[in-house]
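*Asks:* This is the structure I want to talk about, given as C-alpha cells.
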Amino acid sequence: MSEAKSRQNRKRYDRRRRQFVRVCEAQNWRCCYCGTETELGIDGPTCATREEVKARSAGGSRELTNTVMACARCNSTRMAGDAFAFYRGVRVGMSVGGAR
Ligand SMILES: [Zn+2]
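Pasting the structure below:
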C-alpha cells in the first residue's frame, strides 16, 4: 500500500472513531442493551463496540443513524439477530435472573 493511501485510511479510521466516541458519550458509556459501563480499547466483555441496529448483512448502513454502542458481550451474543428482540431478551433475562 502506498504511503498516501495508508494515510488516507488512517484519517478515515480516526473520523469513524471520533463519531463512535460521540455515540458512546451520548449513551453515557453504557451498553444500549444491558446498561453495563463500557470502555474503549480494552480487552474483555465490557469493551465498547460499534453495533449496527440493523445488521449490515440485512442491508443496514454504516451511518450514525444505524449505530449504537453495545458492550462486547452483548455484541457477540446478539450476532446478526434482530436488535429489538435481543433487547427484550436481555431485559427479560435480567428481571428473571435478578440484579447482575
Ligand atoms: Zn451489554
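Just so we're aligned, residue 4 is where the sequence shown starts under this note's numbering, counting upward by one.
Glycine residues also receive a C-beta, built at the ideal position from the N, C-alpha and C atoms.
Quantities reported herein were computed from a predicted structural model and do not represent experimental measurements.
1) Evaluate residue 2 with the Cβ neighbour count: other Cβ atoms within 10 Å of its Cβ, from every protein chain shown; 16 or more gives buried, anything less gives exposed.
2) Measuring CA to CA, which of 60, 10, 21 and 30 is closest to residue 73?
3) With a threshold of 16 other CB atoms inside 10 Å of the CB of residue 95, please say whether the residue is buried or exposed.
4) How many whole angstroms separate the CB atoms of residue 112 and residue 40, which I take to be in contact at a CB cut-off of 8 Å?
5) Go through its chain and collect everything with a Cβ distance to residue 70's Cβ below 8 Å, but skip five positions before and after it.
6) Spatial neighbours of residue 78 within its chain, please: CB distance less than 7 Å, with the 5 preceding and 5 following residues excluded, ordered by chain position.
7) May I have the straight-line CA-CA distance separating residue 92 from residue 80, to the nearest angstrom?
8) May I ask you to report which of helix, strand or coil DSSP gives residue 71?
9) So is residue 108 buried or exposed if we call it buried at 16+ other beta carbons inside 10 Å?
*Replies:* A quick look at the data gives this:
1) Past the boundaries of the shown model lies residue 2; the chain is included only from 4 to 103, so the question cannot be answered.
2) For the purposes of this step, residue 73 is taken as residue 70 along the sequence shown, with counting starting at 1. For residue 73, the nearest C-alpha among the options comes from 30.
3) The residue given as residue 95 occupies position 92 in the sequence shown. When all chains shown are included, residue 95 counts as exposed.
4) Any question about residue 112 goes unanswered here, given that the chain covers just 4 to 103.
5) As a first step, residue 70 is located in the sequence shown; it is residue number 67 there, counting from the start. So the list reads 22, 23, 26, 53, 54, 55 and 56, once near-sequence residues are dropped.
6) On the sequence shown, position 75 is the one that residue 78 refers to. Correct list, in chain order: 52 and 54.
7) Position 89 of the sequence shown holds residue 92. Position 77 of the sequence shown holds residue 80. Residue 92 and residue 80: Cα-Cα distance of roughly 11 Å.
8) Position 68 of the sequence shown holds residue 71. DSSP places residue 71 in strand when its eight states are reduced to three.
9) No statement about residue 108 is possible, as the shown extent of the chain runs from 4 to 103 and does not include it.
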